[in-house]
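Residue numbers (my numbering), protein chains in the order written: chain A, 1 to 117; chain B, 1 to 137.
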């Protein structure tokens with residue numbers, strides 16, 4: 001289906017593999033993020049706590065990775081759901097374009113917020 | 001296979017198809033994934049107030065410190081846990097010998113997820129306990 005409707009000649013294997021690799025990374029990062037933000041009410045809900053963590057360049061790099069990997073994994077997963085359904089080519093391209101746009105826009109906003117510290 | 005069904009038929013298939021644990025895992029993984037993808041974009045948008053400084057961010061966070069939002073964040077953790085743990089199950093099925101014991105893995109996902117969900121609830125809603133631990137340290 002993919003090669004006929006989307007002009008892709010690839011097997012899709014790299015994207016399939018990347019979805020699993022990013023998922024494994026996100027498993028650790030996302031659950032760790034949740035614990036870090038909630039082990040104390042102030043830890044995730046005050047500017048001072050965020051500012052203190054952002055002084056560490058490694059933490060900032062981790063946050064940027066989280067934004068990029070999270071958006072990639074989520075939007076690629078969303079696309080894989082859409083691809084299971086038969087759609088006219090124009091609808092497929094529109095959805096794919098919107099997913100790319102969402103990735104660029106929200107990725108830029110997230111990275112800009114992190115780099116503002 | 002699903003592309004053989006007309007657009008209006010997929011909901012009927014989804015609702016009437018007899019589901020075993022693998023089917024439920026497949027459906028729930030997609031639902032939780034879509035919710036989490038929507039949330040990450042909302043989360044990034046909401047945290048843009050960090051760019052405006054301490055007053056703006058702390059003011060916005062007053063809303064998210066309320067019990068209603070804390071409860072919603074706890075529920076979101078259930079979505080994250082199922083997606084993350086079932087994701088491990090998928091990796092084991094795809095890349096290891098998980099297909100031989102995928103049903104047991106599904107039950108493990110549910111049980112481990114419930115334990116971690118309740119544990120996070122304890123952490124989030126027992127701040128007095130957390131304060132006490134911090135004071136000892």
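Each residue gets a CB set at the ideal place from its N, CA and C atoms; glycine is no exception.
- When only Cα atoms are considered, residue 114 of chain B and residue 77 of chain A end up about 24 Å apart.
- The region 39 to 50 of chain B makes contact with the region 107 to 115 of chain A; the number of CB pairs closer than 8 Å reaches 3 or more.
- Ranked by Cα distance from residue 42 of chain A, the first of B/58, B/28, B/35, B/30 is B/58.
- Rounded to the nearest whole angstrom, the C-alpha separation of residue 75 of chain B and residue 41 of chain B is 18 Å.
- The count of Cβ pairs closer than 8 Å, one atom from the region 84 to 91 of chain A and one from the region 34 to 54 of chain A, stays below three, leaving the stretches out of contact.
- Rounded to whole angstroms, the Cβ separation of residue 106 of chain B and residue 21 of chain B is 4 Å, and the two are in contact under 8 Å.
- In the assembly as shown, residue 114 of chain A is a buried residue. Its beta-carbon has 16 or more other beta-carbons within 10 Å.
- In the structure shown, the three-state DSSP call for residue 100 of chain B is helix.
- Between residue 30 of chain A and residue 78 of chain B the beta-carbon gap is near 13 Å, outside 8 Å, which marks them as no contact.
- Assignment of residue 18 of chain B by DSSP, reduced to helix, strand and coil, places it in the coil class.
- When the alpha-carbon of residue 110 of chain B is set against those of B/87, B/96, B/127, the nearest one is in B/87.
- Interface flag for residue 27 of chain A against chain B is set, since a Cβ pair is found closer than 8 Å.
- Here DSSP, grouped into helix, strand and coil, assigns residue 86 of chain B to helix.
- For the options A/66, A/56, A/116, A/50, the alpha carbon positioned closest to that of residue 24 of chain A is the one of A/66.
- Taking 7 Å as the cut-off between beta carbons, the residues of the region 76 to 106 of chain A near chain B are 77, 78, 81, 84, 85, 86, 102, 106, in sequence order.
- Residue 55 of chain B has its alpha-carbon roughly 11 Å from the corresponding atom of residue 62 of chain B.
- Judged by their CB atoms, residue 70 of chain A and residue 36 of chain A are not nearer to each other than the 8 Å cut-off.
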